[in-house]
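Chemist:
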Amino acid sequence: MSRVICISDDALAIACGADRVAEAFAEAAPDAEIRRVSSWGMHWLEPLVEVDGIGFGPVTTDDVAAILDGSSEKRIGKVTEHPWIARQQRLTFARAGQTRPLDLGDYEDTGGWAGLKRARDMTPQAVLDEVKASGLRGRGGAGFPAGIKWQTVADAASTRKYIVCNADEGDSGTFADRMLMEGDPYCLIEGMAIAGHAVGAMQGYIYLRSEYPHAMAKLNAAIEASAHIVAPFQLEVRMGAGAYVCGEETSLLNSLEGKRGEVRAKPPLPAIEGLFGKPTVVNNVLTLAAIPWIMAHGGAAYADYGMGRSRGTMPIQIAGNVKHGGLYETAFGVTLGELVSDIGGGTDSGGTLRAVQVGGPLGAYFPPTLFDTPFDYESFAAKDGLIGHGGVVVFDDSVDMWAQARFAMEFCAHESCGKCTPCRIGSVRGMETLDRMRGGGRAGSDSVEALPQIRNTSGGVREASAELELITDLCDLMQSGSLCALGGFTPYPVMSAIRHFPEDFGIAEAAE
Ligand SMILES: Cc1cc2nc3c(=O)[nH]c(=O)nc-3n(C[C@H](O)[C@H](O)[C@H](O)COP(=O)(O)O)c2cc1C
Ligand code: SF4
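Just so we're aligned, residue 14 is where the sequence shown starts under our numbering, counting upward by one.
1. If distances are taken between C-alpha atoms only, which option among T293, Y218, P226, L375 comes closest to L282?
2. Just to check my reading of the structure: Y220 and C178 have Cβ atoms closer than 8 Å, yes? What is that Cβ distance to the nearest angstrom?
3. So, S84 versus G373, is the Cβ gap smaller than 7 Å?
4. Does ligand 1 have even one heavy atom less than 6 Å from the beta-carbon of G539?
5. Considering Cα atoms alone, identify which of I438, A479, R451, F345 is closest to S495.
6. State yes or no: is the C-beta of K336 nearer than 6 Å to some heavy atom of ligand 2?
7. What number of angstroms, rounded off, separates the C-alpha of G209 from the C-alpha of A302?
8. Counting beta carbon pairs with one atom in the region 373-385 and one in the region 137-153, are three or more of them shorter than 8 Å?
9. Return yes when at least one heavy atom of ligand 2 lies under 6 Å from the C-beta of R437, else no.
10. In terms of alpha-carbon separation, which member of A45, E445, I400, V335 lies closest to M422?
11. With a Cβ-Cβ cutoff of 7 Å, do V371 and G398 count as a contact?
12. Helix, strand or coil for T348? Go by DSSP, reduced to three states.
13. Tell me which residues share the same chain as A79 and place their Cβ nearer than 6 Å to its Cβ, disregarding the 5 neighbours each side in the sequence.
14. Of the residues S51, A498, D389, which one's Cα is nearest the Cα of C433?
15. Closer than 6 Å to a non-hydrogen atom of ligand 2 - does that hold for the CB of K279?
16. Compare the C-alpha of R108 against each of G125, A170, W97, H95 and name the closest.
17. So, L447 versus A477, is the Cβ gap smaller than 7 Å?
18. Take every Cβ of the region 326-342, pair it with every Cβ of the region 51-59, and state whether three or more of those distances are shorter than 8 Å.
19. Reducing DSSP to helix, strand and coil, say where I219 ends up.
20. On the CB-based measure, 16 or more other CB atoms within 10 Å of its CB, does A244 come out buried or exposed?
21. For K91 versus G66, is the C-beta distance shorter than 7 Å?
22. If you check the beta carbons only, do G156 and Y390 fall under 7 Å apart?
23. Going by the beta-carbon positions, is the gap between M414 and F345 smaller than 7 Å?
24. Label A479 either buried or exposed according to how many other C-beta atoms from any shown protein chain fall within 10 Å of its C-beta, with 16 as the threshold for buried.
25. Assign K272 to buried or exposed, taking buried as 16 or more other Cβ atoms, counted over all protein chains shown, within 10 Å of its Cβ.
26. Find out if the Cβ-Cβ distance for the pair T360, D409 is shorter than 7 Å.
27. If you draw a straight line from the alpha carbon of S21 to that of W97, how long is it in whole angstroms?
28. Identify, in the order they occur along the chain, each residue of the same chain with its Cβ nearer than 6 Å to the Cβ of G248, setting aside the five sequence neighbours on each side.
29. Per the DSSP calculation, F408 is bridged to which residue(s)?
30. Ligand 2 heavy atoms versus the CB of K432: any closer than 6 Å?
31. Under 7 Å Cβ to Cβ from D385, same chain only, skipping five residues before and after it: list those, please.
32. My parser needs the beta strand (DSSP E) runs of 3 or more residues fully inside the region 251-328; what are they?
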């Protein structure tokens with residue numbers, strides 16, 4: 014029997030040279046079967062190559078001969094037994110690394126379409142009850158219960174309804190949506206078709222981040238190949254134009270309608286008046302991709318995982334200055350410390366771990382003293398943070414937390430849709446205030462700005478405590494007065510940076 018050599022065709026693996034490695038294997042082992050599969054999510058080992066189930070990584074074209082003759086030092090053993098994989102609880106990413114993304118046979122052989130078949134044998138209300146029983150909450154950031162959203166759309170009286178998949182994935186350090194769409198596109202399609210059956214929608218749209226051309230190609234091919242299976246449900250992909258705010262659901266709907274990506278006031282909720290004014294389910298890729306497993310195994314089986322009100326598993330994305338970055342799916346409840354130190358292996362630079370930002374650019378910074386926080390919605394909220402889309406970005410002790418806080422305000426100013434004043438004007442005033450706070454700088458700084466006092470805009474001198482009061486007040490206003498979470502959550506990274514790392518702001522004590 015000829016050897017089977019598996020190499021990922023995920024965009025990250027390709028960026029690391031997977032295509033060249035695949036060509037080199039095809040040349041060196043013409044009798045072997047080269048399979049382009051999805052990625053296991055162990056990014057530090059990409060391009061990861063499996064020869065008859067035994068893994069090697071990271072592989073370059075120079076490693077090919079040694080791998081084939083059995084002398085390679087890049088051998089990592091059986092991938093399924095690698096501790097990083099073996100410790101995970103993969104439900105949404107159960108196929109990762111093991112199937113060819115567009116192969117319908119691979120999909121069916123690994124349980125594909127079982128959820129859709131079961132759902133179609135059930136009444137729409139029974140499907141809604143199953144999703145509610147699973148406790149699944151939206152994985153896009155807000156954590157709203159999926160079953161309740163679906164019920165609202167199902168109950169809305171309209172002859173036309175839509176399923177919209179939010180695949181804008183703009184959060185820094187996140188890539189799970191991309192990996193799912195590139196690696197297991199039928200899973201998303203199946204989840205959307207089940208949603209369509211449950212709420213009475215025949216048409217779905219996937220609003221895709223413009224920077225994801227590989228996902229676009231995979232989705233289009235998968236939609237065409239599976240059209241006969243999901244019919245009469247129909248699907249189309251729409252490419253976004255690169256604005257972070259277009260990930261906000263109402264802004265996304267405007268963009269889908271061909272309008273400027275500006276946030277809509279709520280109510281009406283999209284579930285009542287969404288796309289083209291019709292009742293619309295807007296869900297994240299991971300929310301919809303969790304549905305086939307739930308429908309195949311039952312809501313109760315999904316709810317068996319997790320803690321508190323955070324049920325099921327979360328595909329956590331570990332990135333930044335970390336030794337072992339990648340996709341780690343596990344039940345809610347793992348602590349932040351386990352994620353970054355134990356699983357992530359600490360900093361890649363070897364420097365001391367100083368801060369972790371969780372939940373994208375609007376997420377709070379956590380210092381090591383908070384590493385015992387369990388990864389679930391409520392525990393993070395209790396520490397003035399959020400888990401958002403599950404992005405975890407690691408920083409070592411070279412990080413300047415003042416610069417991170419300023420970047421948060423700058424990001425908000427840059428990405429603001431401009432509709433409301435606290436966000437549009439507040440973010441600019443926030444940058445100015447932080448610039449003035451820079452006076453103290455970090456301990457040991459010898460810059461001209463490293464003064465014990467700071468200047469206000471009119472050239473006068475103001476104590477750091479006065480600027481601190483001002484930025485605290487401004488953040489309170491942005492949080493309570495912004496129309497959407499872009500302006501409303503920008504205070505999280507800013508105030509957490511000040512609270513936990515006051516020395517970087519030239520102030521002695523943390524803000525309360
Ligand atoms: C500024 C901003 C950007 C957002 N970006 C995304 C995004 O890229 N993907 C996403 O699924 N949700 C994003 N959201 C959340 C959506 O508004 C919405 O809550 C989500 O799509 C609902 O799906 P879910 O319930 O499955 O999470 C964003 C929200 C805001 C305020
Ligand atoms: S908070 Fe910012 S992005 Fe959101 S509606 Fe207001 S101006 Fe637009």
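Every residue, glycine too, gets a C-beta built ideally from N, C-alpha and C.
Modeler: Concretely, from the data shown:
1. In terms of Cα proximity to L282, the closest of T293, Y218, P226, L375 is T293.
2. Your pair Y220 and C178 checks out as a contact, with CB atoms roughly 7 Å apart and the cut at 8 Å.
3. Result no, Cβ atoms of S84 and G373 do not sit closer than 7 Å.
4. With the chain covering only 14 through 525, there is no way to say anything about residue 539.
5. Distance from the Cα of S495 is smallest, within the candidate group I438, A479, R451, F345, for I438.
6. Checking every heavy atom of ligand 2 against the Cβ of K336, none is found closer than 6 Å.
7. Between the C-alpha atoms of G209 and A302 there is a straight-line separation of about 13 Å.
8. Between the region 137-153 and the region 373-385 there are fewer than three C-beta pairs closer than 8 Å, too few to call the two in contact.
9. Checking the Cβ of R437 against ligand 2 gives yes.
10. Comparing Cα positions, the closest option is E445.
11. With respect to the 7 Å criterion, V371 and G398 are classified as neighbours on the basis of their beta carbons.
12. T348 falls in the strand class under three-state DSSP.
13. Excluding sequence neighbours, A79 sits near S85.
14. Comparing Cα-Cα distances from C433 to each of S51, A498, D389, the minimum goes to A498.
15. In this structure, K279 has its beta carbon at no less than 6 Å from each heavy atom of ligand 2.
16. Comparing alpha carbon positions, the residue from G125, A170, W97, H95 closest to R108 is G125.
17. No. Outside cutoff.
18. The region 326-342 makes contact with the region 51-59: 3 or more CB pairs, one atom from each, lie closer than 8 Å.
19. Three-state DSSP puts I219 in a strand.
20. Exposed.
21. Contact flag set, yes.
22. It is a contact, given that the beta carbons lie within the stated cut-off.
23. No, the Cβ-Cβ distance between M414 and F345 is not below 7 Å.
24. Residue environment analysis places A479 among the exposed positions, since fewer than 16 neighbouring C-beta atoms fall within 10 angstroms of its C-beta.
25. By the neighbour-count rule (16 or more Cβ atoms within 10 Å), K272 is not buried but exposed.
26. T360 is a Cβ neighbour of D409, given a cutoff of 7 Å.
27. Between the alpha carbons of S21 and W97 lies a distance of about 18 Å.
28. Sequence check: residue 248 is Leu here, not Gly. Counting only Cβ-Cβ distances below 6 Å, and skipping sequence neighbours, we find G217, I236.
29. Per DSSP, A368.
30. For ligand 2, at least one heavy atom lies less than 6 Å from the Cβ of K432.
31. Only T348, G350 meet the Cβ criterion.
32. Entirely contained in the region 251-328, the beta strand (DSSP E) runs reaching 3 residues are, in chain order, 293-297.
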